[in-house]
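These protein sequence lines map, in sequence, to chains A and B.
Going left to right, the first sequence walks through residues 1 to 132 as the numbering used here numbers them.
Going left to right, the second sequence walks through residues 133 to 264 as the numbering used here numbers them.
There are 2 protein chains.
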Amino acid sequence: MWMEIDLQSEVPIYEQLVDQLIEGIASAQLRPGDPLPSVRSLAADLGINLHTVNKAYQILKQDGFLQVHRKQGVVVQPDGMPGVDAAFRAKLARGLRTLAAEAAVRGMTEAEFAEQSAAVYRQLLTKGEDAK
Amino acid sequence: MWMEIDLQSEVPIYEQLVDQLIEGIASAQLRPGDPLPSVRSLAADLGINLHTVNKAYQILKQDGFLQVHRKQGVVVQPDGMPGVDAAFRAKLARGLRTLAAEAAVRGMTEAEFAEQSAAVYRQLLTKGEDAK
DNA sequence: ATATCTGTTATATAATAAGTATAACAAAAG
DNA sequence: CTTTTGTTATACTTATTATATAACAGATAT
């Protein structure tokens with residue numbers, strides 16, 4: 001598979017998986033209805049434990065990004081992705097505040113910060129331009 | 133002091149301290165040269181351990197946001213804040229990518245995401261408008 | 001039917017991180 | 001010379017992360 005895990009990172013493996021899968025959906029490398037590898041095969045593929053993969057799948061299922069069919073395996077949500085709710089607004093504001101604060105202290109202007117945000121968003125989408 | 137800690141939060145206490153102190157500097161509630169409470173008094177004030185406060189101070193000292201004078205205590209960096217270096221650019225890009233990906237999946241446009249980033253930045257600075 | 005593959009659940013264990021509790025040290029200030 | 005500072009060291013508890021096995025129930029194909 002196209003995923004990569006950094007075992008030396010300070011960010012937990014299951015969290016790396018969650019992030020990469022969401023980025024995969026955002027960049028259209030993963031489309032609604034696309035099947036995901038089974039917890040066992042992906043775990044074996046990455047050289048990690050079954051439960052670590054399962055934890056990531058559970059979180060994404062809980063948030064509505066994935067669906068689970070018995071035996072069919074895990075599938076990218078085909079019935080519409082979850083929208084921008086209050087919980088996400090709070091999470092987004094919290095994350096942006098931390099980043100914006102340090103950026104401001106380091107001398108980055110509001111315009112620069114906003115442009116950097118836009119640039120990252122843009123680059124994310126164009127990464128999956130040639131998704132099959 | 134003006135700091136507040138959420139003991140029920142999933143984010144470590146020392147990390148909450150780091151974030152809030154940086155936000156304090158960004159909003160000019162903390163100005164260069166301003167003295168910070170001693171590790172013991174702040175710990176007692178928040179009802180936490182001395183070492184938890186010290187860990188936060190150490191991180192901020194390491195990054196150049198604080199200075200330490202023996203006996204004078206901890207002081208907000210008076211000799212110019214650290215600038216935008218490669219390490220911060222990477223940290224910023226990483227953090228923004230995670231947030232942008234979920235925002236995109238949830239249907240937020242690039243313009244909306246950028247505007248939200250600007251809004252958070254703006255609100256951060258205006259929070260300390262009446263800093264003494 | 002009967003293996004096989006799926007997610008799921010249940011334990012148990014090890015490794016690491018976070019937080020606390022004490023104690024002590026050296027430097028600076030009163 | 002006592003006090004307060006950051007700093008260092010040690011020990012302990014708790015929670016999180018990750019792994020290791022095992023087993024179960026539903027779905028699929030042989």
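Glycine included, C-beta positions come from ideal geometry on N, C-alpha and C.
All values reported here derive from a predicted model rather than from experimental measurement.
Considering only C-alpha positions, which residue in the set the options is nearest to residue i?
i, options, result
"B:L178", "B:E142, B:E147 and B:D138", "B:D138"
"A:I22", "A:E10, A:L66 and A:D85", "A:L66"
"B:S173", "B:M135, B:R254 and B:A218", "B:M135"
"A:G128", "A:Q20, A:Q8 and A:I13", "A:Q20"
"B:I145", "B:D166, B:A219 and B:K187", "B:K187"
"B:R254", "A:R70, A:F113 and A:Q16", "A:F113"
"B:H201", "B:S141, B:D166 and B:T258", "B:D166"
"B:Q204", "B:A219, B:V171, B:V143 and B:G212", "B:V171"
"A:A134", "B:N181, B:F220 and B:T258", "No answer is possible for residue 134 of chain A: the residues shown for chain A start at 1 and end at 132."
"B:L192", "B:A218, B:I180, B:E142 and B:Q148", "B:Q148"
Taking C-beta to C-beta, are residue i and residue j nearer than 7 Å?
i, j, result
"A:Y57", "A:V74", "yes"
"B:P214", "B:G196", "yes"
"A:L124", "B:A175", "no"
"B:P210", "B:P164", "yes"
"A:R106", "B:V150", "no"
"A:L92", "B:L224", "no"
Using DSSP bridges, identify the partner residues of residue i.
i, result
"A:G73", "A:H69"
"A:P35", "A:V75"
So, helix, strand or coil for residue i, using DSSP?
i, result
"B:K264", "For B:K264, the predicted model reports a pLDDT of 43, less than 50, meaning its position is unreliable; a value from the coordinates is still stated below. DSSP places B:K264 in coil when its eight states are reduced to three."
"A:I48", "coil"
"B:I137", "coil"
"B:P162", "Residue 162 of chain B is actually Leu in this sequence, not Pro. Here B:L162 sits in coil by DSSP."
"A:E10", "coil"
"A:L60", "helix"
"B:V237", "helix"
Next item on the list: Could you tell me whether the region 109-117 of chain A touches the region 148-159 of chain B, using the rule of 3 or more Cβ pairs below 8 Å?
Entry: no
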